[in-house]
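2 protein chains.
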Amino acid sequence: MKANLEDIAKAAGVSKMTVSRVLRGGTGFSDDTRDRVVKVAERLGYVPNKLAAAFGSYQSSTLVGMCVPRLTSGLFAHVLDGVDRALSRLGYQLMIGANNHSVVEEEAWVRQIASWRPAGLILSGRNHTPATVDLLRQVAAPVVEIWELTTSPIDMSVGFSHHDCGAEMGQFLLRRGRRRAGYVGALARADVMGQARLEGFQAVLAGAGHPLVDREVLMDMPGFYAGYYGLETLLARTPDLDVVYFHNDDMAVGGLAYAAAKGIRVPEDLGIAGWGGMEAASILPKRLTTTVVPTTAIGKAAAEALVARLKGEPGQEVTVVQTRLVPGETG
Amino acid sequence: MKANLEDIAKAAGVSKMTVSRVLRGGTGFSDDTRDRVVKVAERLGYVPNKLAAAFGSYQSSTLVGMCVPRLTSGLFAHVLDGVDRALSRLGYQLMIGANNHSVVEEEAWVRQIASWRPAGLILSGRNHTPATVDLLRQVAAPVVEIWELTTSPIDMSVGFSHHDCGAEMGQFLLRRGRRRAGYVGALARADVMGQARLEGFQAVLAGAGHPLVDREVLMDMPGFYAGYYGLETLLARTPDLDVVYFHNDDMAVGGLAYAAAKGIRVPEDLGIAGWGGMEAASILPKRLTTTVVPTTAIGKAAAEALVARLKGEPGQEVTVVQTRLVPGETG
DNA sequence: AAGCGGAAAGTTATCGATAACATGAAGCGG
DNA sequence: CCGCTTCATGTTATCGATAACTTTCCGCTT
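Chains as they are written, first to last, in our numbering: chain R, 685 to 1015; chain H, 685 to 1015.
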């Protein structure tokens, strides 16, 4: 790199410290000095060295790490976008990682990121390995757990209850007269949140005397094809279902495609409900019954909670965001 | 942080340098020493300080920056995923940013990232401000430009020709007998790549004596609604089109929704073609005519080119990936 | 037994910015 | 005109790891 603080200091006839103060926009220098320093810095094409700054004083790190289950999830893309917009505006840089729905991979990621001494971290979910929690304590940076609500966060939390989402959908489908419900899931065992929705769903159905009839939980990623073949498998085993709740909208759309292919009328013969609120679903011939999650808002809230903490303000410990059940024409 | 190299050195009865050598897996120590050091490091819960390492010796940075137009683009999500998978496996960390299709925002991002002295950078597109190019030269890190092919990259390039995509689609639609083509775009002026596709499309049509009849380029983000209303506007002005080429699949799907809502038969009354190969399109009742882009492969190739360069190997200067025109039932 | 090669380990200087402390000059009331 | 405050500025130590160099030690040859 061409110039450092000392080069500017020499050229401007002041000390390094004065240059540092000017460029960071502090106080303790005259207007005349500031102008001179700024001009020289510009002329020399000075590019600050955050590595040195963050190393010398961890206070000055502007590195924020964020770990999501998958980078290709449309839902998390919006969360990421919300975080990035809020943070980049304030001069923070975002380091990302994907844990593939595994707390072990999350631990590996946190271990890597911890070595960069980040100013803050955003994690997805409330489940972590003990070693992860240890590491987080050691880095001593603010941590926001997003997506799944936890009332006892490591530090801060922004999310909603997946259990309640499932329960609410169960109630809704019962009100619409559905009595023989099935479920098609994915990411068997890896995804505790889909599991939580299923449990909420089941609890409500059982409580009403119409327990879940059958379920098909694939090992695959939750996508269109998983939804398509999941529904096929489920119906082959249990043909007389009157509604199927899917892990998410992608899968529900796959289910709709299967129904269309087989001449199953939706919602007359079979109801279909999803979860998440994928954008693409809004242009289906029939509006999908689903639960919309305020993804961008979650990202924004997480970033804001983090920044508040970094500025020394207390910061909201737990932020609950509202999901919204959208009654469509498929459920 | 609990422990640093010196703490381990003291506890193990060796020097810092020996600990450093052991933990980095170098040579110059006995098996006995290695075991002792490793054990102590583990016991003390040592977390390396990459800030110090990268600062002391830029060789040892494992930071890679990547800038995409939008974080919410399904296409770029897969590119990102391809990059992340390839890099994280090798111990690199990914810093991301979005430039909102603006070279000025890209410059701001590069300026920020440059101050972290990254080991490498991945940028989208081949257009950059002069100041960006200057900065890139200054950071002296390998740079991969992706998405749009350039035969004279700053450093390395992985991509394909948007112009050719448009031209190929033009030829295809002409072969299918279309004679009065329209175009619906988005991101007016901001997106040079959509512009390139349009130009390729127009050139072929004009060359065949059936020039583009009308076009509607919105200022909006390219999404479903933009496609819906874009087609509405276009057809209001020029009703007698027999095919419309869209900026991307999202918009084409919006166009399909508009056609369905208005009772316009596709492809009989109007052909519709998209670009990009969005996953969701695969479950439409009629398969969308589009060009599929190998997104994950682009990410993977970009990461590999970067890593090769970082390892001192020459690295592929220009990598051309193949897009694939998929004849659907809508065009 | 002197000398030598090479592996193992230690020493020193360094990266660039910042916190904490120190200095110095100007301004000002008594 | 002295001592006090205040603001502008300079000095010094420091963060943790690493490159480059130096020393130590051991075994082996002649």
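Glycine included, C-beta positions come from ideal geometry on N, C-alpha and C.
Host alpha helix (DSSP H) of residue i (start-end)
i, result
"residue 793 of chain H", "787–798"
"residue 912 of chain H", "908–921"
"residue 773 of chain H", "758–773"
"residue 736 of chain R", "734–740"
"residue 696 of chain H", "689–696"
"residue 701 of chain H", "700–707"
"residue 726 of chain R", "715–727"
Check whether residue i and residue j have beta carbons under 8 Å apart
i, j, result
"residue 951 of chain H", "residue 1015 of chain H", "yes"
"residue 736 of chain R", "residue 692 of chain R", "no"
"residue 748 of chain H", "residue 776 of chain H", "yes"
"residue 722 of chain R", "residue 843 of chain R", "no"
"residue 766 of chain H", "residue 974 of chain H", "no"
"residue 846 of chain H", "residue 983 of chain H", "no"
"residue 898 of chain R", "residue 881 of chain R", "no"
"residue 841 of chain R", "residue 1002 of chain R", "yes"
"residue 792 of chain H", "residue 746 of chain H", "no"
"residue 963 of chain R", "residue 758 of chain R", "yes"
"residue 1066 of chain H", "residue 801 of chain R", "Residue 1066 of chain H falls outside the range modelled here, since chain H spans only 685 to 1015, and no answer is possible."
"residue 830 of chain H", "residue 986 of chain H", "yes"
"residue 717 of chain R", "residue 706 of chain R", "yes"
"residue 914 of chain R", "residue 925 of chain R", "no"
"residue 704 of chain R", "residue 728 of chain R", "no"
"residue 798 of chain R", "residue 823 of chain R", "yes"
"residue 939 of chain H", "residue 927 of chain H", "no"
"residue 780 of chain R", "residue 764 of chain R", "yes"
"residue 910 of chain R", "residue 944 of chain R", "no"
"residue 916 of chain H", "residue 877 of chain H", "no"
"residue 641 of chain H", "residue 770 of chain H", "Only positions 685 to 1015 of chain H appear in the structure, and residue 641 of chain H is not among them; the question remains open."
"residue 884 of chain R", "residue 848 of chain R", "yes"
Proximity winner among the options, relative to residue i (alpha-carbon distances)
i, options, result
"residue 955 of chain H", "H:829, H:1013 and H:724", "H:1013"
"residue 754 of chain H", "H:897, H:867, H:1010 and H:875", "H:875"
"residue 1051 of chain H", "H:986, H:802 and H:836", "Any question about residue 1051 of chain H goes unanswered here, given that chain H covers just 685 to 1015."
"residue 865 of chain H", "H:946, H:953, H:780 and H:878", "H:953"
"residue 965 of chain R", "H:941, H:970 and H:981", "H:941"
"residue 990 of chain R", "R:768, R:685 and R:688", "R:768"
"residue 1010 of chain H", "H:995, H:972 and H:1000", "H:972"
"residue 783 of chain R", "R:834, R:807, R:824 and R:838", "R:807"
"residue 1007 of chain H", "H:798, H:756 and H:850", "H:850"
"residue 756 of chain H", "H:833, H:910, H:799 and H:905", "H:905"
"residue 772 of chain H", "R:773, R:789, R:970 and R:826", "R:789"
"residue 894 of chain H", "H:919, H:879, H:923 and H:858", "H:858"
"residue 896 of chain H", "H:907, H:702, H:908 and H:930", "H:930"
"residue 685 of chain H", "R:873, R:946 and R:825", "R:825"
"residue 919 of chain H", "H:787, H:743, H:760 and H:868", "H:868"
"residue 720 of chain H", "H:873, H:741 and H:694", "H:694"
Residue range of the beta strand (DSSP E) that includes residue i
i, result
"residue 1009 of chain R", "1008–1010"
"residue 747 of chain R", "747–752"
"residue 782 of chain H", "777–782"
"residue 901 of chain H", "898–901"
If we count Cβ pairs, one from each stretch, closer than 8 Å, do we get three or more for the region 923–936 of chain R versus the region 916–936 of chain H? As far as the Cβ criterion goes, the region 923–936 of chain R does not touch the region 916–936 of chain H, which means the pair count is below three.
Which residue spans inside the region 806–880 of chain R form an unbroken alpha helix (DSSP H) run of at least 4? 814–823 and 846–859
What are the uninterrupted segments assigned as alpha helix (DSSP H) that are 4 or more residues long and contained completely in the region 931–1004 of chain R, given in chain order? 933–946 and 979–994
Hey, is the region 847–855 of chain H in contact with the region 880–890 of chain H, meaning 3+ C-beta pairs nearer than 8 Å? The region 847–855 of chain H is in contact with the region 880–890 of chain H.
Report yes or no: do the region 815–825 of chain R and the region 956–971 of chain R share at least 3 C-beta pairs separated by less than 8 Å? no
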